[in-house]
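The block underneath contains the structure these notes are about, expressed in structure tokens.
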Amino acid sequence: MNQMPPYDHHTQPNRWHGRLMRQTLGRRKIMVNGIHFESSVKDYRDSLFYKIRTAIKCCRRSLAVKLLVLLVPPALVIGCCCTGPAWAKEGARSQLERITIVGDKPNNGFFDPSVEYGKDGIGWLAYSMVTAPKYVETHLAKSTDKGKTWSFVKVINQRSKGSVNVKKGVQEGVWRHETPTLLYDPKDIPARRWKLFVHCYLTIPPYETEDRLFEKGWIEYKYAATPDGRWSEGIRLFGKKENKCKVDLTTLHADLKNFRHFSEPGSIAIDGTIYISMDASVTTSGLGKWEQRKIVLFSSKDHGTTWNYVGALTDYNDASAFGYVTMTGSSLVKESGRIFLMLSPSGAKGLFKKNRAHDGTLVVEFHDIRHAKLKRDAKEKLAVLKTFKPDLNSGGLSDYDEQNTAGGILFSQINMPAIPEIFQIFSTKKRIVQQDAAADAEPN
């Protein structure tokens, strides 16, 4: 049965508005968790919260944030009259340690962590920096203490205006670069050993969900000798030929011909072969028709010049077996010679589920990455080795490097009360199979 995900606010009434809001002479009086807010409609429209809320609906990871737009009412408006506890301004407290990137201004926060170490033991973190309502840039940070602290290095993909040709003429907007995956490819030539893959697309005013022109976007690739050095110009790697992309993924295998949207890349290099996992959707928006959505795997044996389809990693049945509509936001990681897929379940099924957005991270070991085979139980259900649950509004979208011993697995969360910095990255201090960082710190 075609079940529409519960986090699509366009498909059902907003129950929060009927329950928590009352119109009084053109003003709104709202109470959420004991916090009282009052604002005129004009104040609400002019508020930073409204701008952020609008941006959230079209920002990266739409599967996660569209539900928050539905479930979190316009009650956390800043710049309006507010009498309530201090956490409404400071944000809810997570049990995890939030990452602070020294030297980078968070604006509306950091998201989409991709952590990678080279042979020298220096850690590099590529992440999305969000500025509502328009921009998502790719920034880079560095750690010399195994992920205990991070310092800003540079902007790799900067905000920029752009335009594309559409049926009605030329459409102007801004380019977004989001969901980065940073890769160290030690067997490539020195000038290309560091690689970066990001989802690049144009978004147009007023920057709503439907204003993202994914059909005019692509997965972009850059390379460098060192992450803090000079990066190459962006190469349009995966996308349509009409967009001047090098590889049209839908032509690589008959199983891919109906897919219209690829996003959320994760990468790893193993014995000279690069693997990239991505979400694949049959809709250009990346939303809807969930029964046909998959996470798929590609490989390159020549350091990214040519690509092959390996196979599907997960599908609707895998998500449904855990009570969700879809799996998304994959990362490929390794530890102690073992290879793992990290992914986020999203769209919890069931009438009374509290979180219908991204609901944590599942870690599943590969049986054989060369054939896109994950470990499963006797009933073909994914054999989940570890689970990480969010303790704020929603979370997941994780990454890990086994050299990141002080920080462990990095975990994204959305923290709505922390406006304006609602997009946040946390250190779990947890590893996959080795002893955790917290245990290492304990005295004998």
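When you read off a place in the sequence shown, starting at 1, and then add 399, the result is the number in this note's numbering.
Glycine included, every Cβ here is placed at the ideal spot set by N, Cα and C.
Being a predicted model, the structure only gives us computed values, none of them experimental.
For residue i, the first and last residue of its enclosing alpha helix (DSSP H)
i	result
Asn716	715 to 720
DSSP three-state assignment for residue i, whether helix, strand or coil
i	result
Trp630	coil
Thr704	coil
Pro512	strand
Arg769	helix
Glu607	coil
Ala540	strand
Arg755	coil
Asn556	strand
Arg591	helix
Leu809	strand
Lys533	coil
Leu823	The residue asked about is misnamed: residue 823 is Gln in this sequence, not Leu. Of the three classes helix, strand and coil, the one that applies to Gln823 here is strand, per DSSP.
Leu651	coil
Lys643	coil
Ala711	strand
Ala817	helix
Gln833	coil
Glu779	coil
Glu801	coil
Lys828	coil
Sequence-distant residues of its chain with Cβ nearer than 7 Å to residue i (five each side left out)
i	result
Cys644	Trp617, Arg635, Leu636, Phe637, Gly638
Ser826	Leu495, Glu496, Ile498, Gly546, Gly806, Gly807, Leu809
Gly749	Gly722
Asp511	Arg459, Tyr526, Ser527, Glu577, Thr578, Pro579, Leu796, Ser811
Lys785	Val762, Ile831
Asp587	His702
Sequence-distant residues of its chain with Cβ nearer than 6 Å to residue i (five each side left out)
i	result
Gly517	Tyr583
Gln823	Arg497, Gly508, Gln812, Asn814
Lys700	Thr672
Ser667	This sequence places Ile at residue 667; Ser is not what is there. So the qualifying residues of the chain are Tyr674, Leu731.
Tyr799	Val732, Ile808
Asn506	Thr530
Val569	Ser562
Lys772	His766
Glu619	Val597, Cys599, Gly633
Where the beta strand (DSSP E) through residue i begins and ends
i	result
Asn564	559 to 565
Trp574	568 to 583
Ser666	660 to 669
Ile675	672 to 680
Trp523	522 to 530
Thr727	723 to 734
Val695	693 to 699
Ile738	737 to 747
Lys785	783 to 787
Leu495	Neither: Leu495 is in no beta strand (DSSP E) and is coded neither H nor E.
Gly795	793 to 798
Beta-carbon contacts of residue i that lie in its chain and below 8 Å, excluding the five residues immediately before and after
i	result
Gly502	Ser550, Phe551
Asp544	Ala805
Lys688	Asn401, Ser680, Val681, Thr682
Buried/exposed call for residue i, threshold 16 Cβ in 10 Å
i	result
Ala718	buried
Thr704	exposed
Ile642	The sequence shown places Asn at residue 642, rather than the Ile named in the question. The residue is exposed, with fewer than 16 neighbouring Cβ atoms inside 10 Å.
Gly746	buried
Asn657	exposed
Asn716	exposed
Arg575	buried
Gly736	exposed
Thr390	Shown here, the chain extends from 400 to 843; a query on residue 390 therefore has no answer.
Lys828	buried
Asn803	buried
Pro626	buried
Pro664	buried
Glu779	exposed
His538	buried
Ala653	exposed
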